[in-house]
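Inspection log for the structure reproduced underneath, given as structure tokens.
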Amino acid sequence: MEDIKSTSKFFEFLAKDLDSVKQTIEPDTLKLVQRKLIALQDADDDDDDLIITLSNEILDLGLHSSASDVFNSLNERVLLYQGKGSKFDLLKPTRLEKTSTYGRQMDIPAISDTVKVKSLATYLSENVKTMIGEGVEVAAEGQPAQEVRYANVGLFADDDPENPTVCSIKEPLANDKEYYLRINIGQPMDWDCGDEKDRPEFVPGDILPQTDINGHWLDMIASASKDDFVIANGHQSLFLPLSGESWTCTCAHAQKHTCTEQERQRFIYITVRTLKNIGDLQLEIGFYFENNLLQNRIFTAHVGSPLTKTEPAYRSHTSFTLTHTLSNVAEIYQPVALNARIRKSEDGSHQVFLVGGRGTQDNDRLIHFSELNDAALGKILYYAREILWDRYLKKERKVFTGIKNGNKDAKYDFVEDLRELAKVGNDLYVQIFKSYTLSREKLKRIFTEENPQHVIQICVEEQDDSSTPYPWSLIYDIPLDSDKTRWNLCELLKEENWQTFQQTAPHHSARCPFEKDGNHAKNMICPFGFWGFRYIITQPPSIPEHRAQLPVKINISNKPMRMVASFHKDTAEWIDEMQGLVEKAKISLDVAGDTRDAFLEELKGNSELVYLMCHGRDQSLGEELSDPYLEIGKGEMLTTNDLLFWRDDVHSSIPDHWQTTSPLVFINGCHTAELTPQDRARFVDGFMEANASGVIGTEMPVYDDFANKAALLFFSHFIMEKQTVGQALREMRMDLLTEGNLFGLGYSAYCLSNLQLEG
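Structure follows, in structure tokens:
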């Protein structure tokens, strides 16, 4: 028997049709298909498993692409699924029998017939739904056929796989009783309790990094406050194939499946028990891939007391998502060492849920829940801002180059500030972990020296103006006694050691070079005790409804690359310094005029980078209302409403504005003491709604003498060294640290950590 991979006519035909559609087929998909075709041709003749796997992957890619007409109307499709065929079969018409994947019969013309068809789109538009069946969206003739999958969550009275009993949405849940949450990913189920208007489409398989097991394992992790539900078996795994419905089985996660279809279970069941409390109680279900929080669902159930006439007994909604309809992206999510999901509860406290480590057993993973006291957190943040802002601005402590120049007094200032900020950072650490010794030990195992580029991903659910941001970069995890006389200074802070560190820090390990034999286990003052100096920390926002996904590449569409900048009149002297950087980087700098309208007009064009060197202000709208704004140019206001209206106006005339090239926006607000952290978050949301790829901003005021310097350092790493946003931000912090400057800890990245320039 002659394998399909050796039939040159098939590849000639497929190549011809790929060439005809390559102007519309998604570039990432085209590259993947081409690579897999080459692998298929190179495969050993007797490696049937590899041939079938590659063939299926090619077809799955084609199904989700604008070239689906090439893949779905040829008799080679049948041969590929069967993993067999001969060059003679290629010339014959074929009838596709019912398959487990698509569940339909169809007649497929022979090559001799389809070659004569000038446009397969016409044929497909008439037959695609018959060929593929339910769950396929066809927007118009010749448009791509997309398989849409959803995360289904339902409540059952039992977990009988044959005949389970769905709980009524008209009857409240009983106190002190077990129920079963059923979860799967696939076509919408009638037992799903999500609001269809709210529920995002889930991940088509090809957005995740390609594997040799023809799919991806996801972690389903349920959590609840101790007063709401008791959860058993709350951590389970679900296998998501590249197409079709998810399942669970006992196969090892890193290996090919050996299970049969009969051994697979369509659903996972999480056992939950109600307590004696009555009213609306909640739990959360996170869908994780490599510790990236893809989606989070909040399940709300009414327990104990009678229902009102309008409310259902239970329901769920999506509180955070990194994906709506992602497709044709081979590698988006890099592994994350630690994920922190944050949500503000109704009583004003903040709930923090941490997931870290790898493995399928709870003993291998860090899964930790804690609640933060808002009042205590506010006091800690106030003191942190005082150290980083008031001391430098009001006392004019010129410490930033003191160590480098051998100034003993300046060095003392820096060390003293380091000691004070370490105490603040240690209080932040205790707020999360408190007496959880086991969680702290697991955290130490996660952050080993095996990977100095550890990534911490922060996901804030349903953020609003009352949400208090948590400064993760300031966390200091070396335990400190309340008695400061017990604290020791790291050898790194000695003059001769510091001078060596200044020369090597930007390329240094994420560990202190003087950490050894457990000497940093307790009471050690060292810059590397702060998470912001050791790890890559980013906070990707939940995706706005109109956006498919956060990008990891900024396509360079301008030659040379373009930066649009706005400088406040008080900061105009920084233009020359920025001009010096862009000349070295060989990019174009377009400085907007002195008005808000001139700046917004410049933003209408394609640009890879946007930079605002501005003031942050707040105007009163009454006793309790205020309107934050950025003061740009000659002092004109740019509010979040201005951004909203500008976006609507631009998109009415340029519907795809900032979609082909989504710029990275850097908001450098000096003298921003008037803005609260919540105000800054609103500007992040405003630019993300306008299709920015990400935003760099500050969580606290930054002194203007150092704000522009921080931006120059960041852009130097990001543009000239082609680093990712996460890497460039950490390198910027390290650069400032070598000068005794702790302000780098005040910057945050609101994007995926692996966002970088391409082209």
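Counting the sequence shown from 1 gives a position; this note's numbering is that position plus 27. Idealized CB from N, CA, C, for every residue including glycine. This structure is a prediction, so every number in the text was calculated from the model and none was measured.
Residues of its chain near K631, where Cβ-Cβ distance is below 8 Å and the 5 sequence neighbours each way are ignored: If you number the sequence shown from 1, residue 631 lands on position 604. In chain order, V677, I681 and H684 place their CB closer than 8 Å to the CB of K631, counting only its own chain and leaving out the 5 sequence neighbours on each side.
Ordered along the chain, which non-local residues of its own chain (more than five positions away) have a Cβ less than 7 Å from that of S332? Within the sequence shown, residue 332 is the residue found at index 305, counting from 1. So the list reads P199, I305 and G306, once near-sequence residues are dropped.
Complete alpha helix (DSSP H) runs within the stretch 563-622 (minimum length 4 residues, chain order): List check, alpha helix (DSSP H) in window: 602-612.
Do A548 and V507 come within 9 Å of each other at the CB atom, strictly closer than that value? Start at 1 with the first residue of the sequence shown, and residue 507 comes out as number 480. Start at 1 with the first residue of the sequence shown, and residue 548 comes out as number 521. Inspection of the sequence shows that residue 507 is occupied by Leu rather than by Val. The answer is no: Cβ separation not under 9 Å.
Applying the criterion that 16 or more other CB atoms from any shown protein chain within 10 Å of the CB defines a buried residue, is E658 buried or exposed? Residue numbering aside, residue 658 sits at position 631 when the sequence shown is read from its first letter. With 16 or more other Cβ atoms within 10 Å, it is buried.
Proximity winner among K580, V193 and S509, relative to A340 (alpha-carbon distances): Position 313 of the sequence shown, counting from 1, holds the residue named residue 340. Comparing Cα-Cα distances from A340 to each of K580, V193 and S509, the minimum goes to V193.
Would you list the residues sitting across from Q484 in a DSSP beta bridge? The residue given as residue 484 occupies position 457 in the sequence shown. Partner(s): N366 and T565.
Below 8 Å on the Cβ atoms is my guess for I485 versus Q361; work out the distance and round it to an integer in Å. Working through the sequence shown from its first residue, we reach residue 485 at position 458. Working through the sequence shown from its first residue, we reach residue 361 at position 334. In fact, because the Cβ distance is near 15 Å, the residues do not count as touching under 8 Å.
Cβ-Cβ distance between T667 and G607 below 9 Å: The residue given as residue 667 occupies position 640 in the sequence shown. The residue given as residue 607 occupies position 580 in the sequence shown. No, Cβ-Cβ distance for T667 and G607 is not below 9 Å.
Among K511, A178 and G242, whose alpha-carbon lies nearest the alpha-carbon of A281? On the sequence shown, residue 281 is found 254 positions in, with the first residue counted as 1. If we check each option's Cα against that of A281, G242 comes out closest.
Does the Cβ of Y409 have 16 or more other Cβ atoms within 10 Å, making it buried, or fewer, making it exposed? Along the sequence shown, one-based indexing puts residue 409 at 382. Exposed.
CB-CB length for D440 against Y296, believed under 8 Å: Against the sequence shown, residue 440 aligns to sequence position 413. Against the sequence shown, residue 296 aligns to sequence position 269. With a beta-carbon spacing of about 59 Å, D440 and Y296 fall beyond the 8 Å limit used to define contacts.
Along the chain, where does the alpha helix (DSSP H) that runs through F770 open and close? For this step, residue 770 is matched to residue 743 along the sequence shown. Run containing F770: none; DSSP gives neither H nor E here.
Compute the beta-carbon to beta-carbon distance between L764 and F474, rounded to the nearest angstrom, for a pair I have assumed lies under 8 Å. Here residue 764 refers to the residue found at position 737 when the sequence shown is read from its first residue. Here residue 474 refers to the residue found at position 447 when the sequence shown is read from its first residue. Actually they are not in contact, since the Cβ atoms of L764 and F474 sit about 19 Å apart, beyond 8 Å.
CB of V11 within 9 Å of CB of Y777, strictly: What the structure shows of the chain is the stretch from 28 to 786, and residue 11 is not part of that stretch, so it cannot be assessed.
Could you check the C-alpha separation between E317 and L245 for me, to the nearest Å? Here the question's residue 317 lines up with position 290 in the sequence shown. Here the question's residue 245 lines up with position 218 in the sequence shown. C-alpha of E317 to C-alpha of L245: approximately 8 Å in a straight line.
If you compare alpha carbons, which of D254, A259 and D255 is closest to I248? Taking the sequence shown and counting its residues from 1, one reaches residue 248 at position 221. Comparing Cα positions, the closest option is A259.
Limits of the alpha helix (DSSP H) - the one that R760 falls within: On the sequence shown, position 733 is the one that residue 760 refers to. For R760, the uninterrupted alpha helix (DSSP H) segment begins and ends at V752 to L764.
Quick one: residues in its chain with C-beta nearer than 8 Å to the C-beta of L393, no 5 flanking neighbours on either side, listed in chain order? Along the sequence shown, read from residue 1 onward, the residue named residue 393 stands at position 366. Only L365, L381, V382, G383, G384, S466, K469, L470 and I473 meet the Cβ criterion.
Helix or strand or just coil, what does DSSP make of E269? Taking the sequence shown and counting its residues from 1, the one referred to as residue 269 is at position 242. The amino acid occupying residue 269 in the given sequence is Leu; Glu does not appear at that position. Three-state result, L269: coil.
Contact set for R291: own chain, Cβ-Cβ below 6 Å, skip 5 residues either direction: Against the sequence shown, residue 291 aligns to sequence position 264. Annotation for R291: W274 and C276 place their beta carbon closer than 6 Å to its own, counting only its chain and skipping 5 residues before and after.
Indicate whether E726 and R709 have their beta-carbon atoms separated by less than 9 Å. On the sequence shown, position 699 is the one that residue 726 refers to. On the sequence shown, position 682 is the one that residue 709 refers to. When the beta-carbon positions are compared, E726 and R709 stay at least 9 Å from each other.
Hey, out of L321, D254 and L320, whose CA is closest to K303's CA? Translated into the one-based positions of the sequence shown, residue 303 becomes position 276. When each option's Cα is compared against that of K303, the closest is D254.
On the CB-based measure, 16 or more other CB atoms within 10 Å of its CB, does Q289 come out buried or exposed? In the sequence shown, counting from the first residue as 1, residue 289 sits at position 262. Burial call: exposed.
Inter-residue Cα distance where the pair is R644 and T298: Taking the first residue of the sequence shown as position 1, residue 644 is located at position 617. Taking the first residue of the sequence shown as position 1, residue 298 is located at position 271. Roughly 50 Å between the two C-alpha positions.
For the candidate residues G753, T345 and L772, whose alpha-carbon lies nearest to that of Q783? For this step, residue 783 is matched to residue 756 along the sequence shown. The shortest C-alpha separation from Q783 is found at G753.
Tell me, to the nearest whole angstrom, how far the beta carbon of T348 is from that of I570; I am working on the premise that it is less than 8 Å. Here residue 348 is taken as the residue at index 321 of the sequence shown, counted from 1. Here residue 570 is taken as the residue at index 543 of the sequence shown, counted from 1. Indeed, because the Cβ distance is near 6 Å, the residues count as touching under 8 Å.
Looking only at its chain, what residues have a beta carbon closer than 8 Å to the beta carbon of R446, apart from the 5 residues adjacent to it on each side? The residue labelled residue 446 in the question sits at position 419 within the sequence shown. So the list reads K511, W514 and I552, once near-sequence residues are dropped.
From the DSSP output, in three-state form, read off I459 for me. In the sequence shown, residue 459 corresponds to position 432, counting from 1. Looking at I459 - three-state DSSP - the assignment turns out to be helix.
Reduced DSSP secondary structure (H/G/I, E/B, other) of S343: Walking along the sequence shown from the start, residue 343 turns up at place 316. S343: strand per DSSP, three-state reduction.
Among the candidates E716, H642, G620 and L691, whose CA atom is the shortest distance from the CA of R589? The sequence position of residue 589 within the sequence shown is 562, counting from 1. Out of E716, H642, G620 and L691, the CA that lies nearest to the CA of R589 is found in L691.
Closest by CA to K787, which one among W601, I312 and E488? As displayed, the chain neither begins before 28 nor continues past 786, which places residue 787 out of reach and without an answer.
What is the rounded straight-line gap between the Cα of S139 and the Cα of T350? Looking up residue 139 in the sequence shown gives position 112. Looking up residue 350 in the sequence shown gives position 323. Because the pLDDT of S139 is 36, which lies under 50, any placement of that residue in the model is unreliable, and the number read from its coordinates should be weighed accordingly. Near 41 Å, if we compare the C-alpha coordinates of T350 and S139.
Roughly how many angstroms separate the alpha carbons of R324 and E518, rounded to a whole number? Locating residue 324 in the sequence shown gives position 297, counting from the first residue. Locating residue 518 in the sequence shown gives position 491, counting from the first residue. Rounded to the nearest whole angstrom, the C-alpha separation of R324 and E518 is 47 Å.
Confirm, please, whether the CB-CB distance from H344 to E221 is below 9 Å. The residue labelled residue 221 in the question sits at position 194 within the sequence shown. The residue labelled residue 344 in the question sits at position 317 within the sequence shown. A quick correction: the sequence has Gly, not Glu, at residue 221. Cβ distance < 9 Å, so G221 and H344 count as in contact.
Buried/exposed call for K371, threshold 16 Cβ in 10 Å: Residue 371 sits at position 344 when you count from the first residue of the sequence shown. Buried, because 16 or more other Cβ atoms sit within 10 Å of the Cβ of K371.
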